[in-house]
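Inspection log for the structure reproduced underneath, given as structure tokens.
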Amino acid sequence: MSGVLAVLELAVGGSGELKLHKMALEALAAAKRIGAELGLPVSAAVVGSGVGPVAAAVAQYSVEKVFAVDHALLAAYTPDGYSIALKQLVAATGAKYVVFPHTYQVRDFAPKLATSMGQVLASDVVGLRVEDGALVLVRQLFQGKINADLRFPGDGPHFVSVQAGAFRADGLEAGAAPVEAFTPELSAAQIRTKPLELFRESSRAVDLTAADIIVSVGRGIREAENIGVVQELADALGAELAASRPICDNGWLPMERQVGSSGQTVAPKMYVAVGISGAIQHLVGMKGSKVVVAINKDPEAPIFEVADYGIVGDLFEVVPALVAELKK
Amino acid sequence: MKIVVAIKQVPARDSLLKVNGEGTWIEDADLAYEINEPDAYALEAGLQLREKEGGEVVVICVGPDRATQTIREALAKGADRAIHIETYEETVGDPLALARVLAAALSEESPDLVLTGLQSDDLGFGQTGVILAEVMGLPHGTLIMNIEVSEGGITVKRELEDGWFQNVEIPLPALLTVQSGATKLRYATLMGIKRAKTKEVKQLDISDLQTESEPTIAVSRIYLPEKSKKSVVFDGPARESAAKLVEKLRFEARVI
Ligand SMILES: Cc1cc2nc3c(=O)[nH]c(=O)nc-3n(C[C@H](O)[C@H](O)[C@H](O)COP(=O)(O)OP(=O)(O)OC[C@H]3O[C@@H](n4cnc5c(N)ncnc54)[C@H](O)[C@@H]3O)c2cc1C
Numbered sequence: 350m351s352g353v354l355a356v357l358e359l360a361v362g363g364s365g366e367l368k369l370h371k372m373a374l375e376a377l378a379a380a381k382r383i384g385a386e387l388g389l390p391v392s393a394a395v396v397g398s399g400v401g402p403v404a405a406a407v408a409q410y411s412v413e414k415v416f417a418v419d420h421a422l423l424a425a426y427t428p429d430g431y432s433i434a435l436k437q438l439v440a441a442t443g444a445k446y447v448v449f450p451h452t453y454q455v456r457d458f459a460p461k462l463a464t465s466m467g468q469v470l471a472s473d474v475v476g477l478r479v480e481d482g483a484l485v486l487v488r489q490l491f492q493g494k495i496n497a498d499l500r501f502p503g504d505g506p507h508f509v510s511v512q513a514g515a516f517r518a519d520g521l522e523a524g525a526a527p528v529e530a531f532t533p534e535l536s537a538a539q540i541r542t543k544p545l546e547l548f549r550e551s552s553r554a555v556d557l558t559a560a561d562i563i564v565s566v567g568r569g570i571r572e573a574e575n576i577g578v579v580q581e582l583a584d585a586l587g588a589e590l591a592a593s594r595p596i597c598d599n600g601w602l603p604m605e606r607q608v609g610s611s612g613q614t615v616a617p618k619m620y621v622a623v624g625i626s627g628a629i630q631h632l633v634g635m636k637g638s639k640v641v642v643a644i645n646k647d648p649e650a651p652i653f654e655v656a657d658y659g660i661v662g663d664l665f666e667v668v669p670a671l672v673a674e675l676k677k
Numbered sequence: 007m008k009i010v011v012a013i014k015q016v017p018a019r020d021s022l023l024k025v026n027g028e029g030t031w032i033e034d035a036d037l038a039y040e041i042n043e044p045d046a047y048a049l050e051a052g053l054q055l056r057e058k059e060g061g062e063v064v065v066i067c068v069g070p071d072r073a074t075q076t077i078r079e080a081l082a083k084g085a086d087r088a089i090h091i092e093t094y095e096e097t098v099g100d101p102l103a104l105a106r107v108l109a110a111a112l113s114e115e116s117p118d119l120v121l122t123g124l125q126s127d128d129l130g131f132g133q134t135g136v137i138l139a140e141v142m143g144l145p146h147g148t149l150i151m152n153i154e155v156s157e158g159g160i161t162v163k164r165e166l167e168d169g170w171f172q173n174v175e176i177p178l179p180a181l182l183t184v185q186s187g188a189t190k191l192r193y194a195t196l197m198g199i200k201r202a203k204t205k206e207v208k209q210l211d212i213s214d215l216q217t218e219s220e221p222t223i224a225v226s227r228i229y230l231p232e233k234s235k236k237s238v239v240f241d242g243p244a245r246e247s248a249a250k251l252v253e254k255l256r257f258e259a260r261v262i
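Protein sequence lines, in the order shown, are assigned to chains E and X.
Be aware that the first sequence starts at 350, since it is given in the numbering used here, and climbs by one per residue.
Be aware that the second sequence starts at 7, since it is given in the numbering used here, and climbs by one per residue.
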């Protein structure tokens, strides 16, 4: 094939059926972009046990082929199982580019897979273009404060994972692709780790998704005693109080008020981010908000990139001033 | 149990970053540095495990001379000894090359457990630990919140997406990348700081450990991201900015 291979992550649906992970088609969109830019055919792969139906669903998109990588030992995800199976698929297809969504699972096995083929995964990519016939990938450094252009000097295969929301799946064209079964050679002895049951912890008593306005506080607040400062703003706006992860890790607010990839995903009418830098794991939880307001002392903080309105300044001056203004 | 913790020194959080003239790295002359935050949690996990299980915690750090400070702090917090692989450039941009250097430096250590942070706050590849596991031939777990020693190995708690967790059994030796925030970090005591001065820091030179291999990934340029969103930002005195913002929210956005 020597083309582009998109590896589409699967998730388990409500009635136990396999379905595509919410970021899977974004990886396909990125793969299609690479294919279009470089004039290469694009195929897709799904990995697991009993993946036939979901592979058939992927075949409804415009791709060359869908590989159904199926094996009983792939029923539960393990980094050993997935990287051994995909290494065989990449070798068999001769794929030049392998594209993943940058999910937690991909973070867990894709660097291992790339290493096993003498390569480095270009992780968490936010953009791409072609310069002088070569692919240039854009990724973020310093938690989004700086961008870097990246190239692959060698012959590949090249591994890329794309950031949530960086490539839009809604433009994908329909098609009718053949599904090809691929049975990797895998033995139980090769799988060294044993995954046990999944569980949840936080009670989720607070439903942030119902709030019209959310005031969210980050590490700029410095200590637990200062939370009252933003609580007053929340009260003045009739808003729910939420937080970035470090605030909840420190126990300054309960876990159930955390917004982001490991917390809740919210889309209120207004989201006010106070002393939050805007790391991607936070942004994915709130960037669907209608109006985003950021208060931060650093004018280069990535939160301003998603903000409609912002104040650059010390929150300990700005927030009380806002409260006073609202009470006028 | 012999535990190795890989730590890295990065620019302090909230540093105001400027790109250097050549677009190769940031202006580093005036920066303050500190331990990469996830690595601090990896070190904490290692120290707690040693307190429970006995054994030794060895920190390993690749970095320029200034990284000595971060290594001393790790020793002051309780690490038993350190390996410092000195570099002459600000950063090693290829995580596979870096992992090979770490693996070469660890070849005589044969640790039971290698811990790293789950990502660095500067380059943020989020891979060095997993790559190192593969280079060393070890099983691994990522996004680790908790480690328990069990029959023939360890049982770890992994963070998954959307508030889910999973326990995983892993045989030893193994490598884990540790998530931030799962425990409280300790401070160095005065006694610890005093003791750190007498602890062994083995100095290695990166050029003795590097292998001749072509890089497979290369950074061609770094730059400040262009602002793509037009946001209305006020940066005057707090009271003025507050008044202007409230007016916008009332009459333009109409959200209050
Ligand atoms: C796998 C994974 C999952 C994660 N999940 C989540 C998640 O669900 N939710 C989440 O939020 N994070 C999550 N994170 C962490 C995330 O990467 C960031 O570390 C975190 O969001 C940073 O929180 P923060 O913005 O509050 O702190 P920081 O990044 O430290 O930012 C503090 C900000 O406050 C500003 N500031 C400081 N003092 C003042 C002042 N006086 N006035 C005004 N501004 C000030 C600073 O300029 C800075 O921008 C996750 C990370 C990983 C690796």
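Cβ coordinates follow ideal geometry from the N, Cα and C atoms, glycine included.
To the nearest angstrom, how far is it from the Cα of residue i to the Cα of residue j?
i         : j         : result
E/Ala-559 : E/Pro-617 : 8 Å
E/Met-604 : E/Gln-539 : 37 Å
X/Glu-154 : X/Gln-54  : 11 Å
X/Tyr-94  : X/Ala-82  : 25 Å
X/Glu-206 : E/Ala-378 : 52 Å
E/Ile-383 : X/Val-225 : 19 Å
E/Gly-612 : X/Glu-218 : 44 Å
E/Lys-646 : E/Leu-664 : 7 Å
X/Ala-109 : E/Phe-458 : 19 Å
X/Leu-49  : X/Gln-75  : 15 Å
X/Gly-169 : E/Gln-607 : 10 Å
E/Phe-467 : E/Gly-505 : Here residue 467 of chain E turns out to be Gly, not Phe, going by the sequence shown. So the alpha carbons of these two residues sit roughly 9 Å apart.
X/Lys-8   : X/Ser-116 : 8 Å
X/Gly-130 : X/Leu-23  : 15 Å
E/Gly-637 : E/His-631 : 12 Å
E/Glu-666 : E/Ala-591 : 20 Å
X/Ala-167 : E/Leu-547 : Residue identity check: residue 167 of chain X is Glu in the sequence provided, not Ala. Whole-angstrom Cα-Cα distance: 11 Å.
E/Gly-430 : E/Val-356 : 15 Å
Can you check whether the C-beta of residue i is within less than 8 Å of a C-beta belonging to chain X?
i         : result
E/Gln-437 : no
E/Thr-532 : no
E/Lys-494 : yes
E/Thr-452 : yes
E/Gly-443 : no
E/Met-635 : no
E/Leu-558 : The question names Leu, but residue 558 of chain E is Thr in the sequence shown. Not an interface residue.
E/Phe-516 : no
E/Asp-584 : no
E/Arg-382 : no
Closer than 9 Å by beta-carbon distance: list the chain E residues that pair up with residue i, in chain order.
i         : result
X/Asp-100 : Val-469
X/Leu-166 : Tyr-453, Gln-454, Leu-547, Ser-611
Using a beta-carbon distance below 8 Å, is residue i in contact with chain E?
i         : result
X/His-90  : no
X/Tyr-193 : no
X/Ala-12  : no
X/Pro-179 : no
X/Tyr-39  : no
X/Leu-149 : yes
X/Leu-251 : yes
X/Ser-3   : Any answer about residue 3 of chain X is impossible in this case: the structure gives chain X only from 7 up to 262.
X/Tyr-229 : yes
Compute the beta-carbon to beta-carbon distance between residue i and residue j, rounded to the nearest angstrom, for a pair I have assumed lies under 8 Å.
i         : j         : result
E/Leu-470 : E/Phe-508 : 4 Å
E/Gly-352 : E/Val-407 : No, E/Gly-352 and E/Val-407 are not in contact; Cβ-Cβ is about 16 Å, not under 8 Å.
E/Thr-542 : X/Gly-147 : 7 Å
E/Pro-651 : E/Gly-493 : 4 Å
X/Ala-244 : E/Gly-624 : That belief does not hold up - the Cβ atoms of X/Ala-244 and E/Gly-624 are roughly 14 Å apart, past 8 Å.
X/Gly-29  : X/Ile-228 : 6 Å
E/Glu-654 : E/Val-511 : Incorrect: roughly 18 Å between the Cβ atoms, too far for contact.
E/Val-633 : E/Ala-513 : 5 Å
X/Val-238 : E/Asp-657 : 7 Å
Mind listing the chain E neighbours of residue i? Cutoff is C-beta to C-beta under 7 Å, in chain order.
i         : result
X/Glu-220 : Pro-502, Gly-503
X/Leu-53  : Those do not exist, as X/Leu-53 stays about 18 Å from chain E at its closest Cβ, beyond 7 Å.
Could you tell me whether any non-hydrogen atom of ligand 2 is closer than 7 Å to the CB of residue i?
i         : result
X/Leu-182 : Of the ligands one can find in the structure shown, namely ligand 1, none is ligand 2.
Quick one: list the residues of chain X neighbouring residue i, beta-carbon separation under 9 Å, in chain order.
i         : result
E/Leu-535 : Per Cβ cutoff of 9 Å: no residues; E/Leu-535 is ~16 Å from chain X at best.
E/Phe-449 : By Cβ distance, chain X contributes nothing, its closest Cβ being about 13 Å from E/Phe-449, past 9 Å.
E/Ser-465 : Glu-140
Start-end ranges of the beta strand (DSSP E) lying completely within the segment 73-98 of chain X, minimum 3 residues: Every beta strand (DSSP E) of 3 residues or more that sits fully in the segment 73-98 of chain X is shown, in chain order, as 87-92.
Unbroken stretches of the alpha helix (DSSP H), 4 residues or longer, contained in the segment 153-231 of chain X: Listed in chain order, they are 196-202, 212-215.
Secondary structure, alpha helix (DSSP H): runs of 4+ residues fully inside the segment 123-150 of chain X: Counting only runs of 4 or more, we get 134-142.
Contained beta strand (DSSP E) runs [length at least 3] in the segment 12-54 of chain X, N- to C-terminal order: Annotation: the segment 12-54 of chain X contains the following complete segments of the beta strand (DSSP E) (minimum length 3 residues), in chain order: 15-17, 39-41.
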